[in-house]
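Below is one structure, written out as structure tokens, with a few remarks after it.
Residue numbers (this note's numbering): 5 to 292.
Okay, structure coming up:
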């Protein structure tokens, strides 16, 4: 009996142990599954957070580029754009028939020339959408080139050119054998204009006067070369450099540079005071 009781107790005990073991194993499986579900859920949340951050970053970039494009478009709407127009030029003698220093845009043979005479200038246009203001014009050329070529080719001694550089610019003096002289300062290399309206508002050009010092020296070169009938040639003149600085209505500064060349296609040798000495066209090239 006692043996049977012990076996019965062992049997019951073993069954309880197995039952408890099964319950414990089930609990472990349940906890593991719960942990996996929690980890997967946290991973999905992290991925969603990262994707949301990336989306926010991309949206910020798109907004930034949109604002930049709007800003650029606004600047373009009021940005001026300065260009220069050339045209024809005529060089003819003064009233005394001594020196060719009269530059015009008209043929002197035209009717009412003296009454409606147009001095030689360049046309400045603003083809941009906004007005240009506070316009600074600066010319530059090599005076030494003119002095050297005049001294080299001058044969009849009619004129003499002297250049004295005092300060930033200096003075140019042309002395004539008849006792007359012309003195000009290179200070005329700088000019100022208040504003230029765009062409869709006002299509009339603003006239830019070429420096008188440059035109005077060019007249000397034309005179010397055309009076040498044995070695006559159409003169080639040293070009001018032009820099234009201007502001838009937003006070942003802009700069353009040009090269100006006088290209004669006709020149008269000898001293024909009734006609013009030379004529040609002005070549304007923008320097990028």
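Backbone N, C-alpha and C fix where the C-beta goes; we use that ideal spot for every residue, glycine too.
query	result
Residue 144 (DSSP reduced to helix, strand or coil)	strand
Cross-strand partners of residue 3 (DSSP beta bridge)	The chain is shown only over 5 to 292; residue 3 falls outside these bounds and no answer can be derived.
Inter-stretch contact at 8 Å, needing at least 3 Cβ pairs: the segment 216-224 / the segment 128-136	no
Three-state secondary structure (DSSP) of residue 286	strand
Any chain C beta carbon closer than 8 Å to residue 199	Note that chain C does not occur in the displayed structure, where there is just one protein chain.
Residue burial classification, residue 64 (beta-carbon count within 10 angstroms, cutoff 16)	exposed
Span separating the alpha-carbon of residue 286 from that of residue 88	11 Å
Three-state secondary structure (DSSP) of residue 292	coil
Three-state class that DSSP yields for residue 97 in the structure shown	coil
Outcome for residue 204 when other beta-carbon atoms lying within 10 angstroms are tallied against a minimum of 16	exposed
Helix, strand or coil at residue 281 according to DSSP, with G and I counted as helix	strand
Reference residue 153; option with closest CA among 165, 253 and 181	165
Nearest neighbour of residue 247, chosen from 193, 91, 129 and 181 [CA to CA]	193
Residue environment, residue 108, which counts as buried when at least 16 other CB atoms sit within 10 Å	buried
Through-space distance from residue 47 to residue 28, alpha-carbon basis	Bear in mind that a pLDDT of 47 at residue 28, under 50, signals an unreliable position, so the model cannot answer this.
Closest residue to residue 149 among 94, 197, 206 and 218 (Cα-Cα distance)	218
Terminal residues of the alpha helix (DSSP H) in which residue 229 lies	216-231
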